[in-house]
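What follows is a set of notes on a single structure, which appears directly below.
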Amino acid sequence: MKILFCSLKGGVGKSSLAANLATYINSAYVTNDIVVPNKTKAYQIPHSTKRIPFEFQHLKNVVFDLGAMSTNIDPKVSHAARFCNVCVIPTLMDERSVQATIETYKLLEPSGIPIVIIINNFTKQKKHDEVREYLIEVLDYPPIYSIRTTTLFERVATHGEQWYKQVHQEMGEHQLNKSRRIHERVYDAIIAYGGFL
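Encoded structure:
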């Protein structure tokens, strides 16, 4: 399973989601970001690279986190879209994030890669529903999944991927374990949409 995470906008939770999904499916995590989540095994490729290095293209299971793009599609994103099974575009609910999501979707759509959207870190259900309906209307019914605000990302960033794998065994971590299960349902839906469940 090869999964591509990308967005024209930074700060939407792309790296956290990508790293957690890579941990969940026990896959390689490849990024061109300068900073990687703490205690996460990551393969970093130079930001200036125009293509995905050969050794990463042919991994059986890999999650690509290719950083924010400019107004044109980054050559690495375009290259990864040729061989990945599914693309994930995370978004927040502010106007700039939603617009960047629409533009990212439209840039990737001609590649033919299946695309899903994650409305990330939401707190207000009414606003979430409005954003979801708007994206459905503008993009003609793409699969949209949602993840509420949680401290799970912060805890994984602090304690690393091993903690994430074992949160269900930790005493006093009931709420975070509940969040982990919600995340994993979203990850399972992404995997299924990419044709692997």
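The numbering of the sequence shown is this note's numbering, which starts it at 2 and goes up by one.
Glycine included, every Cβ here is placed at the ideal spot set by N, Cα and C.
Computed from a prediction, not measured in an experiment: that's the story for all the values here.
Buried versus exposed call for residue i [16 or more other C-beta atoms within 10 Å across all chains shown]
{"i": "Asp75", "result": "buried"}
{"i": "Tyr135", "result": "exposed"}
{"i": "Asn121", "result": "buried"}
{"i": "Asn62", "result": "exposed"}
{"i": "Ile191", "result": "buried"}
{"i": "Ile1", "result": "Since the first residue of the chain shown is 2 and the last is 198, residue 1 is not available in this structure."}
{"i": "Phe65", "result": "buried"}
{"i": "Gly195", "result": "buried"}
The beta strand (DSSP E) enclosing residue i, as first and last residue numbers
{"i": "Tyr146", "result": "Ile145 to Arg149"}
{"i": "Ser79", "result": "No beta strand (DSSP E) holds Ser79; the alpha helix (DSSP H) holding it covers Pro76 to Phe84."}
{"i": "Asn21", "result": "Note, Asn21: premise wrong, no beta strand (DSSP E); alpha helix (DSSP H) at Lys15 to Tyr25."}
{"i": "Leu123", "result": "The question names Leu, but residue 123 is Phe in the sequence shown. Ile116 to Phe123 is the span of the beta strand (DSSP E), which, as asked, contains Phe123."}
is_contact[residue i, chain B] using C-beta, thresh 8 Å
{"i": "Ser180", "result": "In the displayed structure, chain B is absent; only one protein chain is listed."}
N- and C-terminal bounds of the alpha helix (DSSP H) containing residue i
{"i": "Val99", "result": "Glu96 to Leu109"}
{"i": "Phe57", "result": "Phe55 to Gln58"}
Per DSSP, the bridge partner or partners of residue i
{"i": "Cys1", "result": "Here the chain has residues from 2 to 198 only, and residue 1 is not among them."}
{"i": "Asp66", "result": "Phe6 and Thr32"}
{"i": "Tyr135", "result": "Answer is none; Tyr135 lacks a bridge partner."}
{"i": "Ile46", "result": "Note: Ile46 sits in no beta bridge, so no partner."}
{"i": "Val89", "result": "Phe6 and Val117"}
Exercise for the section: Count the CB pairs spanning the segment 82-90 and the segment 104-122 that are closer than 8 Å, and state whether there are at least three. Expected result: yes
Problem - Cβ contact check for the segment 180-196 and the segment 136-149: 3 or more pairs under 8 Å - result: yes
Exercise for the section: Count the CB pairs spanning the segment 123-132 and the segment 41-53 that are closer than 8 Å, and state whether there are at least three. Expected result: no
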